[in-house]
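Protein chains: 2
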Amino acid sequence: MAERAALEELVRLQGERVRGLKQQKASAEQIEEEVAKLLKLKAQLGPDEGKQKFVLKTPKETLTGKYGEDSKLIYDLKDQGGELLSLRYDLTVPFARYLAMNKLTNIKRYHIAKVYRRDNPAMTRGRYREFYQCDFDIAGQFDPMIPDAECLKIMCEILSSLQIGDFLVKVNDRRILDGMFAICGVPDSKFRTICSSVDKLDKVSWEEVKNEMVGEKGLTPEVADHIGDYVQQHGGVSLVEQLLQDPKLSQNKQALEGLEDLKLLFEYLTLFGIADKISFDLSLARGLDYYTGVIYEAVLLQTPVRPGEEPLGVGSVAAGGRYDGLVGMFDPKGRKVPCVGLSIGVERIFSIVEQRLEALEEKVRTTETQVLVASAQKRLLEERLKLVSELWDAGIKAELLYKKNPKLLNQLQYCEEAGIPLVAIIGEQELKDGVIKLRSVASREEVDVRREDLVEEIKRRTSPALCIC
Amino acid sequence: MAERAALEELVRLQGERVRGLKQQKASAEQIEEEVAKLLKLKAQLGPDEGKQKFVLKTPKETLTGKYGEDSKLIYDLKDQGGELLSLRYDLTVPFARYLAMNKLTNIKRYHIAKVYRRDNPAMTRGRYREFYQCDFDIAGQFDPMIPDAECLKIMCEILSSLQIGDFLVKVNDRRILDGMFAICGVPDSKFRTICSSVDKLDKVSWEEVKNEMVGEKGLTPEVADHIGDYVQQHGGVSLVEQLLQDPKLSQNKQALEGLEDLKLLFEYLTLFGIADKISFDLSLARGLDYYTGVIYEAVLLQTPVRPGEEPLGVGSVAAGGRYDGLVGMFDPKGRKVPCVGLSIGVERIFSIVEQRLEALEEKVRTTETQVLVASAQKRLLEERLKLVSELWDAGIKAELLYKKNPKLLNQLQYCEEAGIPLVAIIGEQELKDGVIKLRSVASREEVDVRREDLVEEIKRRTSPALCIC
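Here's what the structure looks like:
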């Protein structure tokens with residue numbers, strides 16, 4: 001330990017030396033040299049605490065007790081060392097763990113990565129067991145509903161910018177649901193399980209949900225019917241105001257908080273110009289345990305359907321909500337970091353976009369290549385390699401066919417197929433004249449460009465304003 | 001089956017109808033309507049064969065017999081359904097499987113994703129059990145060494161563009177190694193295991209490698225020494241030419257092919273202007289079984305070291321080679337697709353870049369935000385929300401503090417910390433005058449901009465040419 005302390009002291013002193021040299025505007029070489037020494041010392045010091053914190057011994061426990069009844073969809077796995085491991089079920093729990101382990105109290109970030117569900121795959125609807133999610137989250141202690149409104153704005157922006165047809169964002173609040181369950185006489189212990197029954201209302205009829213509540217989950221028919229009266233309602237801010245007048249519901253502290261926040265949220269969403277996309281839907285419950293406040297789910301209004309299915313065939317394409325307790329579950333001292341976020345079902349959206357493009361027979365350009373380096377005669381491979389290298393070094397996206405002596409026609413056809421807008425043609429005469437023949441694939445026009453001007457000419461012709469991609 | 005055939009026929013007819021309408025320049029609504037019908041039919045038809053091919057029943061088998069002695073590093077896992085599964089060890093084998101399953105014979109692509117190794121983590125050097133790799137591969141039947149040269153050019157481009165110090169790319173060829181083993185008298189059955197012994201020469205001394213060959217792997221000391229004479233050599237194209245004159249080696253068909261290809265490769269690398277970065281190194285063997293031709297590995301020449309370690313502390317930061325047999329292993333008919341590619345060790349490179357920035361105390365800008373929407377007085381949250389929404393809708397990267405009444409000073413300080421170049425300040429007077437005060441954080445200059453001109457002014461000031469990020 002004394003040894004480590006000594007090393008730490010050395011690192012500190014060396015750090016000061018580097019700072020000193022920089023203040024004295026010492027030579028780059030000299031600074032680099034001292035930096036190298038500093039890095040050596042740091043390496044000897046080994047991983048610092050911050051880094052050690054990343055070694056989480058039992059990640060399995062990270063996932064348990066977060067997903068409620070969805071837990072059965074977690075892919076458990078067992079590594080050769082015998083540690084219990086699972087594939088991550090979403091990006092939210094890992095994000096919360098990351099905040100807690102790094103003591104972050106304030107961050108806004110997006111994250112695109114794979115998650116895993118032990119679900120039944122349905123390829124045509126973009127349901128896979130391994131699939132990408134794109135998450136956006138805002139963590140931190142802020143004034144009510146401002147970050148929540150931004151999340152919904154972003155969700156609407158993304159879905160509007162994609163050509164996947166019209167959509168609707170259902171919004172609700174966990175506190176309204178809990179308050180509603182309380183006044184309907186659902187025992188606290190059954191809130192979560194009744195929650196996930198309610199959540200099925202977008203797929204099955206109220207009758208089926210009621211049977212589950214009474215038959216499987218032991219509610220009395222009266223309690224279930226009372227819930228039914230509420231969860232079958234949906235509307236705009238007017239429904240929020242109506243429920244604020246509801247004699248029973250408005251007496252419940254939680255429900256009241258939820259309703260007042262929703263009212264504020266609708267104000268902000270109106271300022272963001274998206275209130276018309278939002279539907280306050282009391283049947284929206286979201287299966288996951290970790291939500292504590294506002295929750296939302298975006299559904300497409302026109303998508304491919306199979307016989308017997310509801311029009312909302314692909315299910316939700318984006319969803320999220322507020323989870324103020326999750327970070328605290330990972331913090332030894334239980335320090336809370338309020339969070340709100342959303343997940344986009346990338347694969348589901350892709351499957352819809354791809355099906356539409358396929359049906360419309362629209363060709364998607366698969367390369368960003370600006371120019372193909374071609375040759376008009378044989379024995380010009382070396383010249384093509386030299387030129388393509390020049391273009392690469394100048395930051396031009398260039399390609400050549402991997403053949404020693406390709407036919408010019410094949411090279412031009414390749415451009416047509418790949419949608420490459422320009423061809424730089426090398427010929428023996430051009431080499432003599434110090435020029436390159438630059439051909440526009442679309443117009444088939446050809447002009448001789450002086451080799452030293454080629455890069456600028458290509459940049460000019462493929463600048464964003466003119467780019468065909 | 002007859003039912004499916006009928007459905008397929010319906011899909012075909014509906015597809016023709018859509019095409020017809022498009023040719024007749026029918027209304028967008030009408031086309032959309034017919035497209036919706038087509039999608040409905042396709043959804044009823046269910047996943048097509050192409051998609052069904054993606055359901056690979058025993059992925060475990062995908063990984064076995066690909067990695068040779070590295071196999072022990074594969075993370076095996078077991079899902080709840082009892083299927084045997086493993087976490088992918090690299091991106092190369094999945095890429096080959098993808099080509100075979102989709103009958104692709106020609107593709108160039110890059111792929112950034114996570115891979116898993118049951119190795120000993122070393123955080124300070126960016127060695128993790130779960131880490132990102134960035135792969136680039138060229139698949140297809142082409143003329144010799146052209147794609148191979150492009151892979152090395154790309155590797156050098158990437159490593160040069162990062163500020164991680166000087167680097168060297170070791171190059172060798174599996175056929176030269178095999179030919180060398182043959183003429184040294186190594187039994188065929190031991191080629192691969194001797195290969196991975198040789199591969200350790202960058203970490204341990206020749207003596208230790210020899211002991212392993214003789215003690216553990218049963219070579220005679222004479223055979224080992226004969227190998228030693230070869231594998232301790234390295235140099236440029238001159239060494240290739242020298243070995244082409246080697247009486248024994250040049251008589252071996254495989255070795256000769258490898259040497260001639262390397263000679264050609266050096267020609268192309270000279271045209272690409274990177275020959276000086278390349279070292280022909282006979283000790284480079286690469287542990288993995290699937291390589292069949294040229295192999296390469298990039299090592300940094302100055303990096304943080306721990307006591308007792310070789311200067312090349314972080315090990316290789318990029319590596320790859322040619323693997324012409326791998327795709328055929330997944331194809332029922334064994335159809336081969338020649339491939340060459342490379343992997344970049346993203347995390348290792350990040351750890352080096354981060355350590356250098358830390359040591360140099362250079363601040364990295366963590367946001368692309370162009371403008372913060374701020375307010376000069378209280379009770380202007382609604383106005384800030386309206387303005388930030390306008391800017392978002394116009395494609396401007398804008399933020400606001402999530403507070404009802406933030407102090408102007410705090411808003412300006414936030415810009416300083418986050419490196420946000422502009423502040424759009426709303427005040428009561430500005431609202432009356434229909435202007436916004438636009439402040440440059442760097443110069444602290446403020447000008448009143450007419451609200452309708454704000455977007456253009458922000459775009460002008462943060463256009464790439466002027467952007468500070």
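From first to last, the protein sequence lines stand for chains A and B. Mapping of the first sequence onto full-length UniProt numbering: residues 1 to 469, in sequence order. Mapping of the second sequence onto full-length UniProt numbering: residues 1 to 469, in sequence order. All C-beta atoms, glycine included, are put in the ideal place defined by N, C-alpha and C.
- [ ] Give the interface partners of A/P147 over in chain B, defined as CB-CB distance under 9 angstroms, in chain order.
- [x] For the purposes of this step, residue 147 of chain A is taken as the residue at position 147 of the first sequence. Simply Y402.
TODO: Return helix, strand or coil for B/F142, following the three-state DSSP convention.
DONE: On the second sequence, residue 142 of chain B is found 142 positions in, with the first residue counted as 1. In the structure shown, B/F142 sits in coil (DSSP, three-state: anything other than H, G, I, E or B).
Open item on the list: At the level of alpha carbons, what is the spacing between A/C156 and A/I274?
Closed with: For this step, residue 156 of chain A is matched to residue 156 along the first sequence. For this step, residue 274 of chain A is matched to residue 274 along the first sequence. Each residue's alpha carbon lies about 7 angstroms from the other.
Task: Beta-carbon contacts of B/V371 that lie in its chain and below 6 angstroms, excluding the five residues immediately before and after - done: Taking the second sequence and counting its residues from 1, the one referred to as residue 371 of chain B is at position 371. Taken in chain order, the residues that qualify are A398, L422, A424 and I458.
- [ ] Select from the region 263-279 of chain A all residues with a C-beta closer than 7 angstroms to any C-beta belonging to chain B, and list them in chain order.
- [x] Y268, L271, F272 and G273
Open item on the list: Taking the beta carbon of B/N252 as the centre, do at least 16 other beta carbons fall within 10 Å, making it buried, or is it exposed?
Closed with: Translated into positions along the second sequence, residue 252 of chain B becomes position 252. B/N252 is buried by the Cβ-count criterion.
Open item on the list: Distance cutoff 8 angstroms, beta carbons only. Does residue 486 of chain B sit that close to anything in chain A?
Closed with: Look at the range of chain B in this structure, 1 to 469, and you will see that residue 486 of chain B is not part of it.
Task: chain B residues whose Cβ lies nearer than 8 angstroms to that of A/K153 - done: Here the question's residue 153 of chain A lines up with position 153 in the first sequence. Here the neighbours are S389 and W392.
Task: Cα-Cα separation, B/E446 to B/K437 - done: Taking the first residue of the second sequence as position 1, residue 446 of chain B is located at position 446. Taking the first residue of the second sequence as position 1, residue 437 of chain B is located at position 437. The alpha-carbon atoms of B/E446 and B/K437 are separated by roughly 6 angstroms.
- [ ] Using a Cβ cut-off of 8 angstroms (strictly closer), state whether A/E382 contacts chain B.
- [x] Residue numbering aside, residue 382 of chain A sits at position 382 when the first sequence is read from its first letter. Taking Cβ atoms only, chain B reaches closer than 8 angstroms to A/E382, which makes this a yes.
Open item on the list: Along the region 338-351 of chain A, where does the CB come closer than 9 angstroms to a CB of chain E? Name the residues.
Closed with: Checking the listed chains, one finds no chain E in this structure; the protein chains it contains are A and B.
Open item on the list: Classify B/A285: buried if its beta carbon has 16 or more other beta carbons within 10 angstroms, exposed otherwise.
Closed with: Counted from its first residue, the second sequence places residue 285 of chain B at position 285. B/A285 should be labelled buried.
- [ ] Check whether the Cβ of B/L360 lies closer than 8 angstroms to any Cβ atom in chain A.
- [x] By 1-based counting over the second sequence, the position of residue 360 of chain B is 360. Yes - at least one Cβ of chain A is within 8 angstroms of the one on B/L360.
Open item on the list: Considering just the uninterrupted stretch of the alpha helix (DSSP H) at B/A224, what are its terminal residues?
Closed with: For the purposes of this step, residue 224 of chain B is taken as the residue at position 224 of the second sequence. Start and end: P221 to V231.
Open item on the list: Using the Cβ count rule (16 or more neighbours within 10 Å means buried), how would you classify B/P247?
Closed with: Sequence index remark: in the second sequence, residue 247 of chain B carries index 247 (1-based). Answer is exposed; the Cβ neighbour count stays below 16.
Open item on the list: So that I know if they touch, is there some Cβ in chain B lying closer than 8 angstroms to that of A/R117?
Closed with: For this step, residue 117 of chain A is matched to residue 117 along the first sequence. By this cut-off, A/R117 is not an interface position.
Task: Three-way DSSP call (helix, strand, coil) for residue 476 of chain A in this model - done: Residue coverage of chain A in this structure runs from 1 to 469, which leaves residue 476 of chain A outside it and unanswerable.
- [ ] Step through the CB atoms of chain A and report whether any lies within less than 8 angstroms of the CB of B/G308.
- [x] By one-based count along the second sequence, residue 308 of chain B stands at place 308. Because B/G308 carries a pLDDT of 48, less than 50, the predicted location of this residue cannot be relied on, and the following value inherits that uncertainty. No, because no Cβ of chain A sits closer than 8 angstroms to the Cβ of B/G308.
Open item on the list: I want to verify the contact list: residues of chain A whose CB lies under 8 angstroms from the CB of B/D166, in sequence order.
Closed with: Sequence index remark: in the second sequence, residue 166 of chain B carries index 166 (1-based). Near B/D166 there are no residues of chain A at all, since even the closest Cβ is about 11 angstroms away, more than 8 angstroms.
Open item on the list: At the level of alpha carbons, what is the spacing between B/Y89 and A/R118?
Closed with: Counting from 1 along the second sequence, the entry for residue 89 of chain B is found at position 89. Counting from 1 along the first sequence, the entry for residue 118 of chain A is found at position 118. For B/Y89 and A/R118, the distance between alpha carbons rounds to 22 angstroms.
- [ ] Assuming residue 481 of chain A and A/I420 form a contact by the criterion Cβ under 8 angstroms, report the distance between their Cβ atoms to the nearest whole angstrom.
- [x] In the structure as shown, chain A begins at 1 and stops at 469. Residue 481 of chain A is therefore absent and cannot be evaluated.
Task: Contacting residues, own chain, Cβ-Cβ under 8 angstroms from B/L13 (five flanking each side not counted) - done: Translated into positions along the second sequence, residue 13 of chain B becomes position 13. So the list is empty, once near-sequence residues are dropped.
TODO: Could you name the residues of chain B that A/F95 contacts, counting a contact when the two beta carbons are closer than 7 angstroms?
DONE: To locate residue 95 of chain A, count along the first sequence from 1; it is residue 95. In chain order: nothing, as chain B lies at least about 16 angstroms away.
- [ ] Look up residue 471 of chain A in the DSSP assignment and give the residues it is bridged to.
- [x] Any answer about residue 471 of chain A is impossible in this case: the structure gives chain A only from 1 up to 469.
- [ ] Verify the CB distance criterion: does B/D137 have a CB-CB separation below 8 angstroms to chain A?
- [x] Position 137 of the second sequence, counting from 1, holds the residue named residue 137 of chain B. No, B/D137 does not count as interfacial toward chain A.
Open item on the list: Is the beta carbon of B/D143 closer than 8 angstroms to that of B/H111?
Closed with: In the second sequence, residue 111 of chain B corresponds to position 111, counting from 1. In the second sequence, residue 143 of chain B corresponds to position 143, counting from 1. No, they are not a contact pair.
Task: A/V169 versus B/K363: straight-line alpha-carbon distance, rounded - done: As a first step, residue 169 of chain A must be located in the first sequence, where it is residue number 169. As a first step, residue 363 of chain B must be located in the second sequence, where it is residue number 363. Whole-angstrom Cα-Cα distance: 40 angstroms.
- [ ] Determine the chain B residues that contact A/E157 at a beta-carbon separation under 9 angstroms, and present them in chain order.
- [x] Working through the first sequence from its first residue, we reach residue 157 of chain A at position 157. Within 9 angstroms Cβ-Cβ: W392 and D393.
Open item on the list: Is B/R356 close to chain A? Criterion is C-beta to C-beta, closer than 8 angstroms.
Closed with: Within the second sequence, the letter at position 356 stands for residue 356 of chain B. Closer than 8 angstroms to some Cβ of chain A, the Cβ of B/R356 qualifies, so yes.
TODO: Can you tell me the Cβ-Cβ gap for A/I164 and A/I344, rounded? I've got them flagged as a contact below 8 angstroms.
DONE: One-based indexing of the first sequence puts residue 164 of chain A at position 164. One-based indexing of the first sequence puts residue 344 of chain A at position 344. Wrong, their Cβ atoms sit about 11 angstroms apart, outside the cutoff.
Open item on the list: Using C-beta distances below 6 angstroms, list every residue in its chain close to B/P147, excluding the 5 sequence neighbours before and after it, in chain order.
Closed with: Working through the second sequence from its first residue, we reach residue 147 of chain B at position 147. Once the five neighbours on either side are set aside, the close Cβ partners of B/P147 are I138 and V340.
Task: Closer than 7 angstroms at the beta carbon, the chain B residues around A/L385 - done: On the first sequence, residue 385 of chain A is found 385 positions in, with the first residue counted as 1. Under the 7 angstroms cutoff, chain B gives Y268, L271 and F272.
Open item on the list: What does the alpha-carbon distance come out to for the pair A/L357 and A/V171?
Closed with: Your numbering for residue 357 of chain A matches position 357 in the first sequence. Your numbering for residue 171 of chain A matches position 171 in the first sequence. Spanning the two alpha carbons is a distance of roughly 31 angstroms.
Task: Identity of the residue in B/V337, B/L104, B/L282 and B/F131 nearest B/I176 by Cα - done: On the second sequence, residue 176 of chain B is found 176 positions in, with the first residue counted as 1. Nearest of B/V337, B/L104, B/L282 and B/F131 to B/I176, Cα basis: B/L282.
Task: Where A/G20 sits in the DSSP three-state scheme - done: For the purposes of this step, residue 20 of chain A is taken as residue 20 along the first sequence, with counting starting at 1. Helix.
Open item on the list: Using a 10 Å radius around the Cβ and a threshold of 16 neighbouring Cβ atoms, would you call B/S161 buried or exposed?
Closed with: Translated into the one-based positions of the second sequence, residue 161 of chain B becomes position 161. So B/S161 counts as exposed.
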